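Residue 84 in my numbering is what sits at position 71 of the sequence shown, and the numbering runs on without skipping anything.
Ideal placement from N, C-alpha and C gives every residue a C-beta, glycine not left out.
Quick caveat: nothing in here was measured; it's all calculated off a predicted structure.
Comments concern the structure below.
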Amino acid sequence: WDLAVLREFWGKGVEDALISKAVGLLSEKGAKLIRAHTFSIKYYVSAYKRHGFKPVRRILRIIWDIQGMKTELPLEVGVQVRNVGPDDLDLLPNVFVESLRPYWDWWIEDYGGKERLKEVSRAWFNPSNDLVWLVAERKGKVVGLTGFHVKGREAYFFGVMVLPEHRLKGVGWTLMKSALNRLRQLELERLIVYTMAYLDHLAPGALLYLKSGGKIEAEYIQLERKLSH
């Protein structure tokens, strides 16, 4: 959950009252772990810290100006990118979950673990008019995927996911460029992604997005507090 207080009430105890109330309610419901998201602003981060929350990671909102891309980006040799087909539906949940690791292990656990997320995510890959998925193949094997959800003139990016054993081989870069090329073909204006970063450095995904022309538009802090019952 998040916290928002009108600026004229900053430092007057409103934030502490809200956090205390929320923690109390969640404790009554038997919660063992509380995770909070807030803008990377000292006022909010300090408020959470006063109530026992510890910063664990950053979440970055990165955006691309698709209209500002003048030429189609060339792809890497040896990696083929294509649309998801019906024959991929049994395979993709496993590729999706394994490609998230280890950077998104905490998110996988939020869904109940690997097997539960595989079960849930299967429905996400069904073709639709506003949902686009691309897969990367090397030597006929699916080794990564990417996708985005079109909303009006913008698209929300699901990120680039590559199986661990195929990373640092041009697969992620090819998927990223393929997604941007597709967005240009659709004549969209903006691509938006929310991705994780460590507290003191960027994760590989964020580095890839910035390298491809994305820019950080906003930064959030994710904090956690364990509850004892």
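Boundaries of the alpha helix (DSSP H) harbouring residue 131: 127-134, taken from the DSSP string. Note that the C-beta distance between residue 64 and residue 112 is not below 8 Å. Between residue 197 and residue 82 the beta-carbon gap is near 6 Å, inside 8 Å, which marks them as a contact. With distances taken between CA atoms, residue 154 lies nearest to 91 out of 162, 91, 172, 235. Runs of beta strand (DSSP E) with 3 or more residues, each lying fully within the region 178-218, are found at 203-210, listed in chain order. Take residue 239, set aside five residues on each side of it, and the residues of its chain with a beta-carbon closer than 6 Å to its own are 46, in chain order. DSSP places residue 231 within a strand segment (E or B) once states are collapsed to three. Looking from the CA of residue 109, the closest CA among 195, 173, 216, 228 belongs to 173. Here the alpha carbons of residue 25 and residue 122 stand approximately 37 Å from one another. One thing to note: residue 175 has its Cβ no nearer than 8 Å to the Cβ of residue 165. Residue nearest to residue 237 within the set 54, 58, 93 is 58 (criterion: CA-CA distance). Per DSSP, the beta-bridge partners of residue 149 are 94, 157. Look at residue 120 here: in three-state DSSP terms it is helix. Following the DSSP letters along the chain, one finds residue 68 inside the beta strand (DSSP E) bounded by residues 67-78.
Taking all protein chains in view, the Cβ of residue 98 is surrounded by fewer than 16 other Cβ atoms within 10 Å, so the residue is classified as exposed. Following the DSSP letters along the chain, one finds residue 111 in no beta strand (DSSP E) but inside the alpha helix (DSSP H) bounded by residues 105-113.
Residue 22 counts as exposed, since fewer than 16 other beta carbons sit within 10 angstroms of its beta carbon.
When C-beta atoms of the region 35-46 are compared with those of the region 67-79, fewer than three pairs fall below 8 Å, so the two segments do not count as touching.
Taking residue 161 as reference, the option from 62, 38, 138 with the minimal CA-CA separation is 138. With a cutoff of 8 Å on beta-carbon distance, residue 94 and residue 208 are scored as not near each other.
Taking every protein chain shown into account, the CB of residue 71 has 16 or more other CB atoms within 10 angstroms, so this residue is buried. Under the DSSP assignment, residue 60 falls in the alpha helix (DSSP H) whose first and last residues are 55-63. A residue is called buried once 16 or more other Cβ atoms fall within 10 Å of its Cβ, and residue 120, having fewer, is exposed.
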